[in-house]
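J.: If you read the sequence shown in the numbering used here, its first letter stands for residue 80, the second for the next number, and so on. We put the CB at the ideal spot given by N, CA and C, even for glycine.
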Amino acid sequence: MTSTAGHTQQTEEAEETREGEGTPPRPDTGSGAWDDGLIARRAALASGSGQPGVSGFPAPYSGRSAPADADADADGADDDLTARLDALRELTGLSRPRVDAATLAEAGRVLDDAADRRRLSRRHTVVALAGATGSGKSTLFNTLAGVTISDTGVRRPTTSAALACSWTDGAAGLLDRLEIPGRLRRRPVQGPDGPGPLDGLVLIDLPDHDSAAVEHRAQVDRVLAHVDAVIWVVDPEKYGDALLHERYLRPMAGHAEVTFVVLNQVDRLPEDAADQVLDDLRRLLDEDGIALGEHGEPGATVLALSALTGDGVGELRDCLGQLTSERRAAARRIGADLDAAADRLRPAYVPTGRVGLSEEAREEFADRLAEAVGAAAAGQAAERAWRRNAGRACGTPWLRLWRWYEARRAPGTAERPSGDTPGDEATTARQRAEQAVRVVADEAASGLPTPWADAVREAAGRGAEGLPEALDGLTAPESAPARPPRPGWWPVAVLAQVSMTLLQVLGGIWLLGQVLGVFTPDLLPPVLLMLAGILGGPCVEYGSRLAARGPARRYGADAERALRDAAAGCGRARVLDPVAAELLRYREVREQYARVLDPVVGAAHGNARAAVRASG
């Protein structure tokens, strides 16, 4: 048996050497291998370099061709996987300015691993045998290979390094990716018809995951992150080990379709006890959140066998044969990794409530800015100015003379409004503007995930830095309108007021002439003339005031509306537009996140949004 193992080792090493001579070197796939999104990928496609990246597999390695129906099924499932990977790539590229690198690191690792795996052979399925000390995984490894490759015995740990057994040629790139050296690569015993149903299988025997040697546990974790499927070998004594369930099975619950859980050493148990232990194992797996593949449902495969006696090994071999013939284990593993990455990214992209600014919030923001610039007070001042001008134009000369005298006697005090000083008013206006920005930013950030809520508040804060000064410019004296316009009826009122004044003057002159004896004494006509002028002037002024109410009110409303619109436009340009840009960016990444979860649903959401935009 030892000579056979040595011969298989030499054969494998020779095949690896021949394959290495005819295989181009693999590109460097470090942590920076994945690009930022659309730009880099489109540039690569436009250059026609032929690099498949995450867009598809290269041609299979030299060797026996895969069945046509298996390739067709794999290609059909590959389209959705490619769409999800592309969406994740675009998602990370769009999110980098907003989401911290630590949050995106897992997504980057998934993209790197997916690109590495899909660049290599698709006709091979890499399956790892993992288990605790004494579980019998090395014995099962030898039984499946048909030759003693992995050492077995009572000395622990028995397996100190990962061993590989490949049923077909062309797996060198995959084993290089797992960092398994050529001296630890073997070939199984095969019949005259070749590998048979296990064509394409690459089986890895791992060290014990509970080994006392730290380097053994690190090697297990590293290899498990890159294999296509895992066979967990447990024994009747340690199948409920907390380390196994908490460190491996529970975190990998989403990888149920590429997970096998094998209860080994059932030959040590009575038949009834073996069934009870198997049922209890299923219960523990269900508590771990692992879906069980029973009754045709997708999920983990749970088997009971004895690697020592061979009972149940045939069923496991059949399952492995079906897994390798489908050639979808790698895609399922990548899909499960995508699901896990999307679940970790969920807090950064899924909102907790309604997203966006409502019309009520926008109107409230405009109202606060209008209050900050004193739009209502400006409208009232404009209305008073219109009435004042009407009174000056249509009032009696004696009243206008009296007002002029009062203004000259106490200049600057006649029309000074009561209330805060100009300095206090400026401080209050700034505080109101800042408060308006804070309120609208909180409203816009409500329901958003933390990174995007912070980005919205930052955008609003940047716009608020110059907003008070911009609002001050709207209320500056040079920006105030000129004197109010004069309506068409003013000349008529002025002419009537002049006529009333002339009647008073003529009546007074006539009366004075009678007193001096110039005119014939007759008091009634000059007195009536003077009374008509004295009473007619206030009547004209009162009528003018009544006629001025409507135009003055409209003029004040127009002035208030103009200042309000100017303040709202300033706030929209400085605050609302940057906030809307951040919300639009979030909607874009949310659509990409939906495509990561389900490319069909994500595309439907994107098409619906495009239709809404096109309809205006």
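Please say whether residue 457 and residue 658 have beta carbons closer to each other than 8 Å?
T.: No, Cβ-Cβ distance for residue 658 and residue 457 is not below 8 Å.
J.: Classify residue 571 as buried or exposed, calling it buried when 16 or more other Cβ atoms lie within 10 Å of its own Cβ.
T.: Result: exposed.
J.: For residue 451, which of 678, 419 and 508 has the nearest alpha-carbon?
T.: Cα-wise, what sits closest to residue 451 is 508.
J.: For residue 545, which residues from the same chain have a beta carbon less than 8 Å from its beta carbon, with the 5 sequence-adjacent residues on both sides left out?
T.: Answer for residue 545: 653, listed in chain order.
J.: When you compare only the Cα positions, how much space is there between residue 601 and residue 631?
T.: Those two C-alpha atoms are separated by around 46 Å.
J.: Go ahead and label residue 421 buried or exposed: buried means 16 or more other beta carbons lie within 10 angstroms of its beta carbon, across all protein chains shown.
T.: When all chains shown are included, residue 421 counts as buried.
J.: List the DSSP bridge partners of residue 338.
T.: Answer is 309, bridged to residue 338.
J.: Quick one: what's got a C-beta closer than 7 Å to residue 222's C-beta in the same chain, skipping five residues either side?
T.: Closer than 7 Å at the Cβ level, and outside the excluded window around residue 222, lie 386, 389 and 392.
J.: For residue 208, collect the residues of the same chain with a Cβ closer than 7 Å to its Cβ; drop the 5 residues on either side in sequence, then sort them by chain order.
T.: Once the five neighbours on either side are set aside, the close Cβ partners of residue 208 are 216, 219, 220, 282, 283, 284, 285, 310 and 312.
J.: Return helix, strand or coil for residue 387, following the three-state DSSP convention.
T.: If DSSP states are grouped into helix, strand and coil, residue 387 belongs with coil.
J.: By DSSP, does residue 594 sit in helix, in strand, or in coil?
T.: Helix.
J.: When the Cα atoms are used, what is the spatial distance from residue 574 to residue 595?
T.: The straight-line gap from Cα to Cα measures roughly 31 Å.
J.: Give me, in chain order, the residues of the same chain whose beta-carbon lies closer than 7 Å to that of residue 403; leave out the 5 immediate sequence neighbours on both sides.
T.: Excluding residues within five positions, the ones whose Cβ falls inside 7 Å are 204, 277, 278, 279 and 280.
J.: For residue 413, report the span of its alpha helix (DSSP H) as first-last.
T.: Counting along the chain, the alpha helix (DSSP H) containing residue 413 begins and ends at 408-428.
J.: Mind listing, in chain order, the continuous beta strand (DSSP E) runs of no fewer than 3 residues lying wholly within the segment 348-402?
T.: Fully enclosed beta strand (DSSP E) runs of 3 or longer: 380-383.
J.: Using the C-alpha atoms, what's the distance from residue 299 back to residue 239?
T.: If I take the Cα positions, the gap works out to 10 Å.
J.: Going by other Cβ atoms of all chains shown within 10 Å of its Cβ, with 16 needed for buried, is residue 506 buried or exposed?
T.: Its Cβ having fewer than 16 others within 10 Å, residue 506 is exposed.
J.: Which residues does DSSP list as the beta-bridge partners of residue 264?
T.: Paired residue(s): 243.
J.: Straight-line CA distance for residue 266 to residue 533?
T.: C-alpha separation (whole angstroms): 57 Å.
J.: With DSSP as the reference, identify every bridge partner of residue 284, one or two as the case may be.
T.: According to DSSP, which records beta bridges pairwise, residue 284 is partnered with 208 and 242.
J.: Count the other CB atoms within 10 Å of the CB of residue 380; is the residue buried (16 or more) or exposed (fewer)?
T.: So residue 380 ends up on the buried side.
J.: Out of 287, 353 and 190, which one is the CA nearest neighbour of residue 345?
T.: Here the closest residue by C-alpha is 353.
J.: Pairs of beta-carbons, one from the segment 249-266 and one from the segment 173-188, closer than 8 Å: are there three or more?
T.: The answer is no - the segment 173-188 does not touch the segment 249-266, with fewer than three Cβ pairs under 8 Å.
J.: Whose C-alpha, out of 526, 355 and 395, is nearest the C-alpha of residue 430?
T.: When only C-alpha atoms are compared, the closest one is 526.
J.: Leaving out the 5 sequence neighbours to the left and right, which residues in its chain are closer than 6 Å to residue 329 when beta-carbon positions are compared?
T.: Answer for residue 329: 367, listed in chain order.
J.: Assuming contact is defined by CB atoms lying nearer than 8 Å, are residue 212 and residue 289 in contact in what I supplied?
T.: Yes, Cβ-Cβ distance for residue 212 and residue 289 is below 8 Å.
J.: Can you tell me the Cα-Cα spacing of residue 362 and residue 304, whole angstroms?
T.: Near 26 Å, if we compare the C-alpha coordinates of residue 304 and residue 362.
J.: Using 8 Å for Cβ pairs, my map puts residue 199 next to residue 160. What's the rounded Cβ distance?
T.: Not really, about 15 Å apart at Cβ, beyond 8 Å.
J.: Decide if residue 437 is buried, meaning its Cβ has at least 16 other Cβ atoms within 10 Å, or exposed.
T.: Flag for residue 437 reads exposed.
J.: Are there 16 or more other CB atoms within 10 angstroms of the CB of residue 249, so buried, or fewer, so exposed?
T.: Its Cβ being crowded by 16 or more others within 10 Å, residue 249 is buried.
J.: Could you tell me the distance, in whole angstroms, from the CA atom of residue 383 to the CA atom of residue 306?
T.: Distance between the alpha carbons of residue 383 and residue 306 is about 23 Å.
J.: Is residue 259 helix, strand or coil when you go by DSSP?
T.: The answer is coil: DSSP assigns residue 259 none of H, G, I, E or B.
J.: Can you tell which of 417, 459 and 518 has the C-alpha that lies nearest to the C-alpha of residue 439?
T.: Out of 417, 459 and 518, 518 has the C-alpha closest to the C-alpha of residue 439.
J.: For the candidate residues 586, 454, 326 and 443, whose alpha-carbon lies nearest to that of residue 550?
T.: With distances taken between Cα atoms, residue 550 lies closest to 454.
J.: Taking contact to mean at least 3 C-beta pairs separated by less than 8 Å, is the segment 579-592 in contact with the segment 606-620?
T.: Yes, the segment 579-592 touches the segment 606-620.
J.: Using the rule of at least 16 other Cβ atoms within 10 Å of the residue's Cβ for burial, across every protein chain shown, is residue 247 buried or exposed?
T.: Under this definition residue 247 is a buried residue.
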